[in-house]
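Structure first, commentary second.
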Amino acid sequence: MSEPPALTIAHVSHSYGARKALEDVSFGVERGAFAVLLGLNGAGKSTLFSLITRLYAAREGTIEIFGHNVAREPGEALRRLGVVFQARTLDLELSLRQNLLYHAALHGIGGFEAARKTKEALARAGLGDRANDKARDLSGGQMRRVEIARALLHEPPLLLLDEPTVGLDVKARADILAHVRELVRAKGLGVLWTTHLIDEVADDDAVVILHKGKVLGAGSAADILALAQAGTVAEAFRSLTAELDIAS
Amino acid sequence: MSAAAGFSPRQYATCLGGVVWREALRFLHQRERFVSALVRPLVWLFIFAAGFRQVLGVSIIPPYDTYVLYEVYITPGLMAMIQLFNGMQSSLSMVYDREMGNMRTLLVSPFPRWFLLGSKLMAGVAVSILQVYAYLIIAYFWEIEPPTFWGYLTVLPALALSGLMLGALGMLLSSLIKQLENFAGVMNFVIFPMFFASSALYPLWRVKESSPWLFYVCEANPFTHAVELIRFAFYQQVAWDSLALVVGFTAVFLAGAIIAYDPSKGMLMRKGG
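Protein sequence lines, in the order shown, are assigned to chains G and F. In terms of the numbering used here, the first sequence has 170 at position 168, counting the first letter as 1, and numbering is strictly consecutive. In terms of the numbering used here, the second sequence has 128 at position 12, counting the first letter as 1, and numbering is strictly consecutive.
Quick look at the structure:
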């Protein structure tokens, strides 16, 4: 039997009262793949993110992380997952080391192991010499690097990033994107990168287009281009979303 | 269910230790919070109690076996007040964390959610107990002390229980509050009525004399029982009925908070986290 994918989302629907935020959403992220969840603001990306991280429970459909159902085996699913939220979630009053040690404890890692992993993670993020600085003294880009380092501290095989480049300047954006792509190459990490910025999609990425709570297309960038009969991902995105807008 | 089948007791202890450690660090970094937590009861002790000492006489009621000064009478109430404010402050920080997104880092931990919330609660209780003992050290120099030194130890379990009850209440409220702005109202509708309609400032027999209706409200107030539990424990005695009620209220508040933070049943869903 083949190994289950890093992330499987099957027929997930979710509503806030009468408003439907997600409708029959299905797609997967393969192990070691860089997948981009592309959608405009309000497409349902953050709702989906909240369902995957179990902040809310999915009312319909199933979500599995490496074959572990998020609703039935939350512990086993969440321990395989690293998360970078859209909002800044470092504790600004604490030092970088303290922030990372806290995260390690939340995954049951303590003592020397936590200290070692923290040191390594900060070095990987290029901030080894800032371990004792308070988080509030970092730039936006540096904070993101620490958040990524923190999310990978417990060595999860799947990393979720919710619009990680929002609010960053052009250089910091490119830097963060390159950093995560390098992690995928070097560590075989599976990544789900949500964004509304089409230029963050590379040719060999897996792409999922989410619009008004529905998946309009999922596959390799080449599949999406073929589906929309477009020359670029940007054109494909415009064409696919326009079809739905006209239909609705 | 096998929510955290893969974790050993030691890893649970590491997680709990980490949550308590972070709360303590945050508390130490917020010196104003520590100072105001200490100044508030001291103002009541040094100014209010000194002023009312002549007006309010306290007859001999258990656990006291002699007439006591008004300052002595209100000290257990002020100890509970420190915990009440601390519980609400923790709840305020949870609402803030939720708005800022920090709460999510806690909730995506693979440990079971009841354990994470329980750890957070215990961290708040530990901080509140530190505050109470800091207050007691100052009160000692004001000649307010238990009949024997053991009172300082016997009051500890009572403080842990009352801290848990008030912290659990704060946690439940934090799940019900939509936004930070709504918090001030809750403070007015929770802290002040709980504090004033209790035995913290005056014995309930006095309340009964002036208003039987208010007496029953005070009797039903969980805070009254936290105060009495602490008062008796400070005098190395157990107020059994208060103990039972505090345990019961803690269970109810905690269950409510865990349900409210449960992803499939909770109110977070409606608020968008």
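All C-beta atoms, glycine included, are put in the ideal place defined by N, C-alpha and C.
With a threshold of 8 Å between beta carbons, Gly77 of chain G makes contact with chain F. From the listed residues G:His105, G:Ala123, G:Ile211 and G:Arg74, the smallest Cα separation to Val38 of chain G is found for G:Ile211. Taking the beta carbon of Gln199 of chain F as reference, no residue of chain G falls within 7 Å; the closest one sits roughly 23 Å away.
The beta-bridge partner set that DSSP reports for Tyr18 of chain G consists of G:Arg21. Taken through DSSP and simplified to helix, strand or coil, Ser327 of chain F comes out as coil.
Per DSSP, the unbroken alpha helix (DSSP H) holding Gly134 of chain F starts and ends at Pro125 to His145. Classified as buried, Ile226 of chain G has 16 or more neighbouring CB atoms from the shown chains inside 10 Å of its CB. Cβ-Cβ distances below 7 Å link Ile346 of chain F to Pro192, Met195, Ala196, Val271, Ala274, Leu275 and Ser278 in the same chain, with the five nearest sequence neighbours on each side left out; the list follows chain order. For Ala37 of chain G, DSSP records a beta bridge to G:Leu194 and G:Ala208.
Under DSSP, Thr10 of chain G shares a beta bridge with G:Gly30 and G:Glu66. Lys136 of chain G is bridged by DSSP to G:Ser97. Per DSSP, Gly233 of chain G is not a residue of any beta strand (DSSP E), being assigned neither H nor E. DSSP, read as helix, strand or coil, puts Lys173 of chain G in helix.
Boundaries for Ser4 of chain G: no beta strand (DSSP E) harbours it, and the DSSP string shows neither H nor E there.
When the Cα atoms are used, Pro125 of chain F and Asp131 of chain G turn out to be separated by approximately 34 Å. For Ile11 of chain G, the closest alpha carbon among the candidates G:Thr91, G:Leu40 and G:Gly63 is that of G:Gly63.
Taking a Cβ-Cβ threshold of 7 Å, none of the residues of chain G is close to Gly203 of chain F; the smallest such distance is about 21 Å.
In chain order, Arg138, Arg142 and Asn218 make up the part of chain F whose C-beta sits under 8 Å from the C-beta of Asp93 of chain G. At a cut-off of 8 Å, the C-beta of Gln144 of chain G has no neighbouring C-beta in chain F. Scanning chain G for C-beta atoms nearer than 9 Å to the C-beta of Pro228 of chain F yields Pro76 and Gly77, reported in chain order.
With a contact defined as Cβ atoms closer than 8 Å, Pro319 of chain F and Ile177 of chain F qualify at about 6 Å.
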